[in-house]
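Novice: To start, I am sharing the structure in question, which I have written as structure tokens.
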Amino acid sequence: MTLPDGRRYNKMDLFTEDGRGMTAMQAARKALSEVFGYGSFRPGQEEIVAAILSGRDVMAVMPTGAGKSLCYQIPALVLPGITLVVSPLISLMRDQVSALIHNGVRAAYLNSSLTARQHALALDNARRGVYKIIYVAPERLLTDSFLAFAQQAQIAQVVVDEAHCVSQWGQDFRPGYLDIEPFIRALPVRPRVSAFTATATQTVRKDVVRLIALERPYEITTGFDRPNLYFEVRRGGNRDAELLRFLRERRGQSGIVYCGTRKGVEEVARMLVENGVDAVGYHAGMGDSERALAQEDFVSDRAPVIVATNAFGMGIDKSNVSFVVHYNMPKDLESYYQEAGRAGRDGEDAVCCLLYQPSDVRLNTFLIEHAQENSQFDEETKQIVTERAKERLKQMTFYASGSGCLRARILGYFGEKPEAPHCGNCSSCLAQSRERDVTREAGKIVSGVMALQGKYGKGLAAKVLAGAKDERIRARGLDKLSVFGCLKEEGEDNIREMIDELIAYEVLETTDGQYPLLKPGPRAREALLGDEPIRMTLHDRGETAREKRVSMKPVVDKGLFGRLAALRRRIAEEQHVPPFIIFTNATLRDMAVKRPRNRSEMLRVDGVGEGKMERYGIAFLREIEKYISD
Ligand code: ADP
Ligand code: MG
Numbered sequence: 004m005t006l007p008d009g010r011r012y013n014k015m016d017l018f019t020e021d022g023r024g025m026t027a028m029q030a031a032r033k034a035l036s037e038v039f040g041y042g043s044f045r046p047g048q049e050e051i052v053a054a055i056l057s058g059r060d061v062m063a064v065m066p067t068g069a070g071k072s073l074c075y076q077i078p079a080l081v082l083p084g085i086t087l088v089v090s091p092l093i094s095l096m097r098d099q100v101s102a103l104i105h106n107g108v109r110a111a112y113l114n115s116s117l118t119a120r121q122h123a124l125a126l127d128n129a130r131r132g133v134y135k136i137i138y139v140a141p142e143r144l145l146t147d148s149f150l151a152f153a154q155q156a157q158i159a160q161v162v163v164d165e166a167h168c169v170s171q172w173g174q175d176f177r178p179g180y181l182d183i184e185p186f187i188r189a190l191p192v193r194p195r196v197s198a199f200t201a202t203a204t205q206t207v208r209k210d211v212v213r214l215i216a217l218e219r220p221y222e223i224t225t226g227f228d229r230p231n232l233y234f235e236v237r238r239g240g241n242r243d244a245e246l247l248r249f250l251r252e253r254r255g256q257s258g259i260v261y262c263g264t265r266k267g268v269e270e271v272a273r274m275l276v277e278n279g280v281d282a283v284g285y286h287a288g289m290g291d292s293e294r295a296l297a298q299e300d301f302v303s304d305r306a307p308v309i310v311a312t313n314a315f316g317m318g319i320d321k322s323n324v325s326f327v328v329h330y331n332m333p334k335d336l337e338s339y340y341q342e343a344g345r346a347g348r349d350g351e352d353a354v355c356c357l358l359y360q361p362s363d364v365r366l367n368t369f370l371i372e373h374a375q376e377n378s379q380f381d382e383e384t385k386q387i388v389t390e391r392a393k394e395r396l397k398q399m400t401f402y403a404s405g406s407g408c409l410r411a412r413i414l415g416y417f418g419e420k421p422e423a424p425h426c427g428n429c430s431s432c433l434a435q436s437r438e439r440d441v442t443r444e445a446g447k448i449v450s451g452v453m454a455l456q457g458k459y460g461k462g463l464a465a466k467v468l469a470g471a472k473d474e475r476i477r478a479r480g481l482d483k484l485s486v487f488g489c490l491k492e493e494g495e496d497n498i499r500e501m502i503d504e505l506i507a508y509e510v511l512e513t514t515d516g517q518y519p520l521l522k523p524g525p526r527a528r529e530a531l532l533g534d535e536p537i538r539m540t541l542h543d544r545g546e547t548a549r550e551k552r553v554s555m556k557p558v559v560d561k562g563l564f565g566r567l568a569a570l571r572r573r574i575a576e577e578q579h580v581p582p583f584i585i586f587t588n589a590t591l592r593d594m595a596v597k598r599p600r601n602r603s604e605m606l607r608v609d610g611v612g613e614g615k616m617e618r619y620g621i622a623f624l625r626e627i628e629k630y631i632s633d
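Just so you know, the sequence shown maps onto residues 4 to 633 in the working numbering.
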């Protein structure tokens, strides 16, 4: 791999050489804002960086999208010497290295995708100290050439990414990971070693510590909750119709549709294309080039929807995935949460929707029962493995068919106590909070409508009942009525919704005409007496976590965002990298809100560090200026 322009890469030495006056943590914070362009650490990151800088081993369990990379990349910049990152997938390495280079960090990878010549060249550069971070496939570690290099170089840190691959209990066991421990032992000086994974089960965690031989590691498990994800289960019905409805509501957004089988992928992809959705299919049975093309179309935003088996995803670092739909129920919650967790990695609100039918359970049971047929395990082990898999399937099925809070169920499964029994941000919570007995409220509404004597419409009636401060109300003396504000605690929106329902129940009615007036209906008396209970499904307008977040979010100018996204796409195509490598959606959004006018304002945008400022800052500043003056 050749070093791109090579121009600004010495800048990183700031943190190790010129930065002598700073403490290591000060240098780390500087790197966070200047190199990566972020204003603050996310939960867990700061502690991990501090532990690594102080020389400790680390074992970190953090969910997908939590920001594990930064935890070792920042120490890599601050520490003198080289950081080696062991990573299982070529595509993962390529994306990470490409992202680092765009941030102005000298990085490279060594794996089987390089020709012998490229490999020799990269090693040569590495020997000359060109790279601060080197990603390497586990199988390379003990090769003669790499080992010789590592024994002579100053290796500050060895990072094991996707560390669960070392465990046979993990889903992605990779024998090459067993070479990590002997590799570290072969180094003349033991570097600090840190291991990262999103797999939280106890067995896997213990395996990681043991098999990589971590020494008294700083162990941390950060919250598994991903507050920006909305969880939803849709049961029964026609899956194709549900999927189309779901996608129609999200035109232009990017997302993944997971299917249980290759055949399913092909059928669903065809069905979507026939219905006008720009979708591509992806599964392990396709040819390499065809598959690479599908992935490329999706990652570069050319095809907004990819329909895939679980073969798709682990190496995909695309951050602007707005939804993940599971067309079939996966075999366990580990798989589900990992796949669903690919949504919203940029921190934007995203939806994880599972289309569930009982036939999913039968298919999975069948697969589990036949999974061990060709395995090397002895009979007893086979039995244990099958039973564990069945137990996991049972938990997955509870999730899909149960009525409790979906988030609480996921977090509980991963051994975490949810903050509240109801998150207010999943389909279960929304459905439950809606059904209510509103007999008393209906009576008050009817009294209110009678007091208004059929002279006003719905909107004003709702305002009066809610006790709204409104010029029209005061001018007409309606705030003097005894019913003024009698349903204050409900809020105007809820009252309006109840009025609509009461009209449907014939408790109220409206006159025809351009300005319909609200008056009591044929069943008003019944409601007033309250002897017939009235139940309603209302939208949950409690202060849920989701709404609090939404209301705190500044309004984004869609026009400007669109222009910035188009510019990003042009640059990405020119440079043959996925758009999110240039800037994530979250960054473009922040840019559209802050509308920076110069370099220093641009640097204040979340996700713009000096490296990206240098590369793209001017182009984006120009685009903003043009937009404002248009
Ligand atoms: P993980 O490996 O844990 O799945 P990544 O390291 O790929 O997650 O990070 C996911 C996304 O979060 C990336 O787009 C990354 O740039 C972003 N990110 C990481 N740390 C921060 C932070 N402190 N502030 C804002 N965004 C961050
Ligand atoms: Mg990662």
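Built from N, CA and C at the ideal position, the CB exists for glycine as well.
Among residues of its own chain, excluding the 5 on either side of L214, which ones have a beta-carbon nearer than 6 Å to its beta-carbon?
Specialist: On the sequence shown, position 211 is the one that residue 214 refers to. The residues are V169.
Novice: Tell me the DSSP bridge mates of E222?
Specialist: Here residue 222 corresponds to residue number 219 of the sequence shown, with the count starting at 1. Answer by DSSP bridge pairing, in chain order: M62.
Novice: Closest by CA to N323, which one among S257, K466, R97 and V38?
Specialist: In the sequence shown, the residue the question calls residue 323 occupies position 320. Residue S257 is the option with its Cα nearest to N323.
Novice: Can you list, in chain order, the residues of its chain whose CB lies under 8 Å from that of R177, leaving out five sequence neighbours each side?
Specialist: By 1-based counting over the sequence shown, the position of residue 177 is 174. Cβ neighbours of R177 beyond the five flanking positions: P91, P141, C168 and V169.
Novice: Considering only C-alpha positions, which residue in the set L563, N114 and Q171 is nearest to S378?
Specialist: Position 375 of the sequence shown, counted from the start, is the residue given in the question as residue 378. Considering only alpha carbons, the answer is Q171.
Novice: Once you ignore the five residues that flank Y634 on each side, which residues in its own chain have a CB closer than 6 Å to its CB?
Specialist: Because the chain is modelled from 4 through 633, residue 634 falls outside the range shown and cannot be assessed.
Novice: Given a cut-off of 8 Å, decide if G40 and V711 are closer than it, judged by their beta-carbon atoms.
Specialist: Because the chain in this structure spans residues 4 to 633, residue 711 falls outside the shown range and cannot be described.
Novice: With 16 other CB atoms within 10 Å as the buried threshold, where does L357 fall?
Specialist: For the purposes of this step, residue 357 is taken as residue 354 along the sequence shown, with counting starting at 1. Flag for L357 reads buried.
Novice: Under the assumption that V268 contacts V310 (Cβ atoms under 8 Å), give the Cβ distance between them as a whole number of angstroms.
Specialist: Translated into positions along the sequence shown, residue 268 becomes position 265. Translated into positions along the sequence shown, residue 310 becomes position 307. Sure, about 5 Å apart at Cβ, within 8 Å.
Novice: Report all residues from its chain with a CB closer than 7 Å to the CB of T587; omit the five preceding and five following residues, and keep chain order.
Specialist: Translated into positions along the sequence shown, residue 587 becomes position 584. For T587, where only same-chain residues beyond five positions count, the Cβ hits under 7 Å are S322, N323, D349 and G610.
Novice: Is DSSP giving V467 helix, strand or coil here?
Specialist: Position 464 of the sequence shown, counting from 1, holds the residue named residue 467. Note: V467 maps to helix in three-state DSSP.
Novice: Span of the alpha helix (DSSP H) holding C74?
Specialist: Numbered from its first residue, the sequence shown carries residue 74 at position 71. Start and end: K71 to V81.
Novice: Under a Cβ-count criterion, where at least 16 other Cβ atoms within 10 Å of its own Cβ denotes burial, should K447 be classed as buried or exposed?
Specialist: On the sequence shown, residue 447 is found 444 positions in, with the first residue counted as 1. Under this definition K447 is a buried residue.
Novice: Could you give the uninterrupted runs of the alpha helix (DSSP H) lying entirely in the region 190-273, keeping only those of 4 residues or more?
Specialist: As far as the region 190-273 is concerned, its whole alpha helix (DSSP H) runs of at least 4 residues are 205-214 and 242-251.
Novice: Give the range of the alpha helix (DSSP H) segment to which I476 is assigned.
Specialist: For this step, residue 476 is matched to residue 473 along the sequence shown. I476 -> alpha helix (DSSP H) spans E474 to A478.
Novice: Taking 7 Å as the cut-off, is the C-beta of D352 nearer than that to any heavy atom in the ligand ADP?
Specialist: Translated into the one-based positions of the sequence shown, residue 352 becomes position 349. Checking every heavy atom of the ligand ADP against the Cβ of D352, none is found closer than 7 Å.
Novice: Is M289 helix, strand or coil when you go by DSSP?
Specialist: As a first step, residue 289 is located in the sequence shown; it is residue number 286 there, counting from the start. It is coil, neither helix nor strand.
Novice: Within 10 Å of its beta-carbon, does I158 have 16 or more other beta-carbons around it, so buried, or fewer, so exposed?
Specialist: As a first step, residue 158 is located in the sequence shown; it is residue number 155 there, counting from the start. Answer is buried; the Cβ neighbour count reaches 16.
Novice: Taking only heavy atoms of the ligand ADP into account, decide whether any of them is closer than 7 Å to the Cβ of F44.
Specialist: Here residue 44 refers to the residue found at position 41 of the sequence shown. F44: yes, Cβ under 7 Å from the ligand ADP.
Novice: Is R635 helix, strand or coil by DSSP?
Specialist: Only positions 4 to 633 of the chain appear in the structure, and residue 635 is not among them; the question remains open.
Novice: With N313 and E337 assumed to form a contact (beta carbons below 8 Å), what rounded beta-carbon distance in angstroms separates them?
Specialist: The residue you call residue 313 lines up with position 310 of the sequence shown. The residue you call residue 337 lines up with position 334 of the sequence shown. With 8 Å as the limit, N313 and E337 do not qualify as a contact, their Cβ atoms being about 11 Å apart.
Novice: Please report the residue range of the alpha helix (DSSP H) in which H167 lies.
Specialist: By one-based count along the sequence shown, residue 167 stands at place 164. From DSSP, H167 is part of no alpha helix (DSSP H); its letter is neither H nor E.
Novice: Would you mind working out which of D440, E299, D482 and G488 sits nearest G533, comparing C-alpha positions?
Specialist: Taking the sequence shown and counting its residues from 1, the one referred to as residue 533 is at position 530. Residue D440 is the option with its Cα nearest to G533.
Novice: Quick one, are the C-beta atoms of I77 and A34 less than 8 Å apart?
Specialist: On the sequence shown, residue 77 is found 74 positions in, with the first residue counted as 1. On the sequence shown, residue 34 is found 31 positions in, with the first residue counted as 1. A contact, by the Cβ cut-off of 8 Å.
Novice: Under the three-state reduction of DSSP, which class applies to A27: helix, strand or coil?
Specialist: Taking the first residue of the sequence shown as 1, we reach residue 27 at position 24. Looking at A27 - three-state DSSP - the assignment turns out to be helix.
Novice: Assess, as a yes-or-no matter, whether the region 388-408 is touched by the region 360-371 under the definition of 3 or more beta carbon pairs within less than 8 Å.
Specialist: Yes, the region 360-371 touches the region 388-408.
Novice: When DSSP labels each residue in this structure, what does H425 get in the three-state scheme?
Specialist: Translated into the one-based positions of the sequence shown, residue 425 becomes position 422. H425: coil per DSSP, three-state reduction.
Novice: On the DSSP bridge assignment, give the partners of V327 in chain order.
Specialist: Position 324 of the sequence shown, counted from the start, is the residue given in the question as residue 327. I259 and C355.
Novice: How big is the Cα-Cα spacing for L591 and V207?
Specialist: The sequence position of residue 591 within the sequence shown is 588, counting from 1. The sequence position of residue 207 within the sequence shown is 204, counting from 1. Approximately 38 Å between the Cα atoms of the pair.
Novice: Can the beta-carbon of E235 be found closer than 8 Å to that of S430?
Specialist: Residue numbering aside, residue 235 sits at position 232 when the sequence shown is read from its first letter. Residue numbering aside, residue 430 sits at position 427 when the sequence shown is read from its first letter. In this structure, S430 lies closer than 8 Å to E235 by Cβ.
Novice: Tell me, please, which residues DSSP counts as bridged to V88.
Specialist: Within the sequence shown, numbered from 1, the residue matching residue 88 stands at position 85. Looking at the DSSP assignment, V88 forms a beta bridge with Y138 and V162.
Novice: Measuring only the C-alpha atoms, how far is Y138 from Q160?
Specialist: Residue numbering aside, residue 138 sits at position 135 when the sequence shown is read from its first letter. Residue numbering aside, residue 160 sits at position 157 when the sequence shown is read from its first letter. Approximately 12 Å, taken between the alpha carbons.
Novice: Does the beta-carbon of Y41, which I'm using as the reference point, lie nearer than 7 Å to any heavy atom of the ligand ADP?
Specialist: If you number the sequence shown from 1, residue 41 lands on position 38. The answer is yes for Y41.
Novice: Within 10 angstroms of the Cβ of D164, are there 16 or more other Cβ atoms? Answer buried if so, exposed if not.
Specialist: Reading the sequence shown from its first residue, position 161 is the one you call residue 164. Buried, since its Cβ has 16 or more Cβ neighbours within 10 Å.
Novice: Here's the rule: buried if 16 or more other CB atoms are within 10 angstroms of the residue's CB, otherwise exposed. What is P361?
Specialist: For the purposes of this step, residue 361 is taken as residue 358 along the sequence shown, with counting starting at 1. Classification of P361: exposed, given that the 10 Å Cβ count is below 16.
Novice: In whole angstroms, give me the CA-to-CA distance for I223 and Y233.
Specialist: Here residue 223 refers to the residue found at position 220 when the sequence shown is read from its first residue. Here residue 233 refers to the residue found at position 230 when the sequence shown is read from its first residue. Approximately 26 Å, taken between the alpha carbons.
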